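Numbering of the sequence shown is given in the working numbering, commencing with residue 442 and proceeding in unit increments. Cβ atoms here follow ideal geometry from the backbone N, Cα and C, with glycine treated the same way. If you're wondering where the values come from, they're calculated on a predicted model, not measured in any experiment.
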Amino acid sequence: MTFHVLTLFPEMITEATSHSILGRAVRSNAIQVNPVNIRDFAVNKHGQVDDSPYGGGAGMVMMASPIYDAYQHVANMANSNAPVIYLSPQGKVLTQAKAQELSSLKEIILLCGHYEGIDERVIEEIVTEEISIGDYVLTGGEPAALVLMDAVARLVPGVLGKAESFQDESFAGDVLQLEYPHYTRPPVFRGREVPEVLLSGNHGKIAEWRRNASLERTRRKRPELELSPLKKNLD
Ligand code: 4HQ
Numbered sequence: 442m443t444f445h446v447l448t449l450f451p452e453m454i455t456e457a458t459s460h461s462i463l464g465r466a467v468r469s470n471a472i473q474v475n476p477v478n479i480r481d482f483a484v485n486k487h488g489q490v491d492d493s494p495y496g497g498g499a500g501m502v503m504m505a506s507p508i509y510d511a512y513q514h515v516a517n518m519a520n521s522n523a524p525v526i527y528l529s530p531q532g533k534v535l536t537q538a539k540a541q542e543l544s545s546l547k548e549i550i551l552l553c554g555h556y557e558g559i560d561e562r563v564i565e566e567i568v569t570e571e572i573s574i575g576d577y578v579l580t581g582g583e584p585a586a587l588v589l590m591d592a593v594a595r596l597v598p599g600v601l602g603k604a605e606s607f608q609d610e611s612f613a614g615d616v617l618q619l620e621y622p623h624y625t626r627p628p629v630f631r632g633r634e635v636p637e638v639l640l641s642g643n644h645g646k647i648a649e650w651r652r653n654a655s656l657e658r659t660r661r662k663r664p665e666l667e668l669s670p671l672k673k674n675l676d
């Protein structure tokens, strides 16, 4: 799977996808990350990509043409029906189900905005969907694009190792369940003991304890996650 990222800060994307699990996935070709520098498509020799807003007001607006040209550059290599996702608080909030859906695509194009935003006309022209990573305000779209890429990439076959993906097998598809508590040596830390069952060697009992702990935790800490998608539609 290829993530094309239209951005003014391509190093943020390269750097953050070059470590740990994503770094390994890039090196092994399980995923491709293609940051495209919008400034390479600037309107003049000064590298201008933003301008003051029509109608006045503070701040700057990203110009339409550098973004459009950067998009055309990608569209020439990408398959033309790849979604173009604008990271924005105006989008639907990213869910595990959405990450699942995106993980089956061959390519996606992510558009990262900065300053006050992007000229509305280029959004109308190229964006197929808007996604938010949560109801708070970022300084730019790059951290949001990285969050989306991380959540999607780990669902792409070959990205997680056997040990890393094992955990997920016990959980059904789209529904997010909180993880059970984890413990490692020593058996007592500041008077706190590891639950006895985990030291018992009884793998049936251990699996049952973890299933229960996971359910109990989800119910207590994030009760809204327990609602099935069907139930959710009823409220
Ligand atoms: N942004 N989820 C880009 C966000 C955001 C979010 C603020 C995106 C600034 C220009 N993006 N604009 N929340 O806060 O995706």
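According to the DSSP secondary-structure assignment, Thr569 is paired through a beta bridge with no residue.
DSSP places Asn475 within a strand segment (E or B) once states are collapsed to three.
Look at the beta carbons and you see the stretch 528-540 touching the stretch 587-598: at least three pairs across the two are nearer than 8 angstroms.
Scanning Glu570, Thr458, Val588 and His487 for the CA closest to the CA of Val474 turns up Thr458. Judged by beta-carbon spacing, Glu557 lies beyond the 8 angstroms limit of Gly645, meaning their Cβ atoms are not closer than that value. Of all C-beta pairs linking the stretch 443-453 to the stretch 569-577, fewer than three are shorter than 8 angstroms, placing the two stretches out of contact. For Arg562, same chain residues with a beta-carbon under 8 angstroms away, outside a window of 5 residues either side, are Ala505 in chain order. By the Cβ rule, the stretch 487-495 does not count as touching the stretch 459-478, because fewer than three pairs are nearer than 8 angstroms.
Annotation: the continuous alpha helix (DSSP H) that includes Leu656 extends over His644 to Lys662. At a Cβ-Cβ threshold of 8 angstroms, Asn520 and Glu548 count as neighbours. Under the three-state reduction of DSSP output, Met442 falls in the coil class, being neither helix nor strand. The C-alpha of Glu667 lies about 33 angstroms from the C-alpha of Arg631. Leaving aside the five residues that flank Val568 on each side, the residues in its chain whose CB is nearer than 6 angstroms to its CB run, in chain order, Val525 and Tyr527.
For Glu452, the enclosing alpha helix (DSSP H) stretches over residues Pro451 to Ala457. At a Cβ-Cβ threshold of 8 angstroms, Ala471 and Val629 do not count as neighbours. Take the alpha-carbon of Arg651 and the one of Thr625: they are about 15 angstroms apart. Here DSSP, grouped into helix, strand and coil, assigns Asp560 to coil. Sequence-distant Cβ neighbours of Arg658 in its own chain, meaning closer than 6 angstroms and more than five residues away, are Leu619. Secondary structure in the stretch 504-558: the beta strand (DSSP E) runs of 3 residues or longer, each lying completely within the stretch, are 525-534 and 548-552 in chain order. With fewer than 16 neighbouring CB atoms inside 10 Å of its own CB, Pro598 falls in the exposed class. The Cβ neighbour count for Gly554, taken over all protein chains shown within 10 Å, is at least 16; the residue is labelled buried. Put simply, the backbone Cα of His514 is about 25 angstroms away from that of Ser469.
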